[in-house]
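Here is the structure we will look at, set down as structure tokens.
Numbering (our numbering), first residue to last: 77 to 313.
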């Protein structure tokens, strides 16, 4: 007859605590937000109006010290990091002021993947879809933030948009087609319009004032873009 195992109360308690802790940690990890930030452009035409999205992405990668390495599986340069995102301000009822008795919310640590597609603008959506499918957990279109040039916004302006049509932008159209859906975030970076043909205008180099605004770790436009990213991430559920 086999001997009955002798489990002490201490060993049983230790097993229970270990299992419980593992369960809690696993649950927490599975709830960590993960966002994909994409800089659209033509890498063969750097620092042109049409590639301002990639100018800003490069600046963000440098700002947060994220190396971008070429990954053949997604046909683009990619990098990963984790960044603390401050919570949205808590508003008082009807007064628009932060409540004095509210406990200050702690920053949230969020995973980010930065992507600069190697594919040309008109087919760059394939790179976005591959990255979302293979590199993000959880994977959802709402976790995408696309940075792209916009003729409809004045130079140096940023205009957030969620979902909707491509509004004539071929890179956004390619992304919509590749994802089979429109429900992702866009940060439209204004380049305005010129007197010449659009195809010529967008392939011209960014004017010095605009390049200074978008290029560099401490550039004003880069800081504004990151504030917009923080607002999107902090409001996501």
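The beta carbon of each residue, even a glycine, is placed where N, CA and C say it ideally should be. Computed from a predicted model, the values in this text were never measured in an experiment.
Worksheet item: Whose C-beta lies closer than 7 Å to the C-beta of residue 287 among residues of the same chain, with five residues either side of it excluded?
Response: Same-chain partners within the cutoff: 123.
Worksheet item: Rounded to a whole number of angstroms, what is the C-alpha to C-alpha distance between residue 116 and residue 163?
Response: 28 Å
Worksheet item: In the DSSP assignment, what residue or residues form a beta bridge with residue 236?
Response: 263
Discussion item. My assumption, with CB atoms under 8 Å, is that residue 250 sits in contact with residue 200. Please give the rounded CB distance.
Written reply: 6 Å
Worksheet item: Does DSSP classify residue 125 as helix, strand or coil?
Response: helix
Practice prompt. Thinking residue 234 and residue 191 are a contact (beta carbons under 8 Å), I'd like their distance in whole angstroms, please.
Written response: That belief does not hold up - the Cβ atoms of residue 234 and residue 191 are roughly 19 Å apart, past 8 Å.
Item to complete: Enumerate in chain order the residues of its own chain whose CB-to-CB distance from residue 269 is below 8 Å, with the five nearest sequence positions on each side excluded.
Response: Counting only Cβ-Cβ distances below 8 Å, and skipping sequence neighbours, we find 227, 277.
Practice prompt. Report buried or exposed for residue 241, applying the criterion of at least 16 other Cβ atoms within 10 angstroms of its Cβ.
Written response: exposed
Item to complete: For residue 183, I'd like the list of residues in its chain whose CB is within less than 8 Å of its CB, leaving aside the five on either flank, ordered along the chain.
Response: Excluding residues within five positions, the ones whose Cβ falls inside 8 Å are 160, 161, 162, 163.
Worksheet item: Between which two residues does the alpha helix (DSSP H) containing residue 207 stretch?
Response: 201-211
Worksheet item: Does the distance from the CB of residue 265 to the CB of residue 142 come in under 9 Å?
Response: no
Item to complete: Using a threshold of 9 Å, state whether the C-beta atoms of residue 398 and residue 125 are closer than that.
Response: Because the chain in this structure spans residues 77 to 313, residue 398 falls outside the shown range and cannot be described.
Discussion item. Going by C-alpha to C-alpha distance, which of 187, 299, 114, 213 sits closest to residue 194?
Written reply: 114
Fill in: Three-state class that DSSP yields for residue 104 in the structure shown
Reliability fails at residue 104, whose pLDDT of 45 lies under 50, so the model's placement of it is uncertain and no value is given.
Worksheet item: Cα-Cα, which of 128, 252, 196 is closest to residue 220?
Response: 252
Worksheet entry | Straight-line gap, residue 312 to residue 289 (C-alpha atoms, nearest Å) | Looking at the two C-alpha atoms, the distance is approximately 28 Å.
Worksheet item: Bridge partners of residue 153, per DSSP?
Response: Beta-bridge pairing links residue 153 to 146, 192.
Discussion item. Can you tell me whether residue 135 is buried or exposed? The criterion is at least 16 other CB atoms within 10 Å of its CB, across all chains shown.
Written reply: buried
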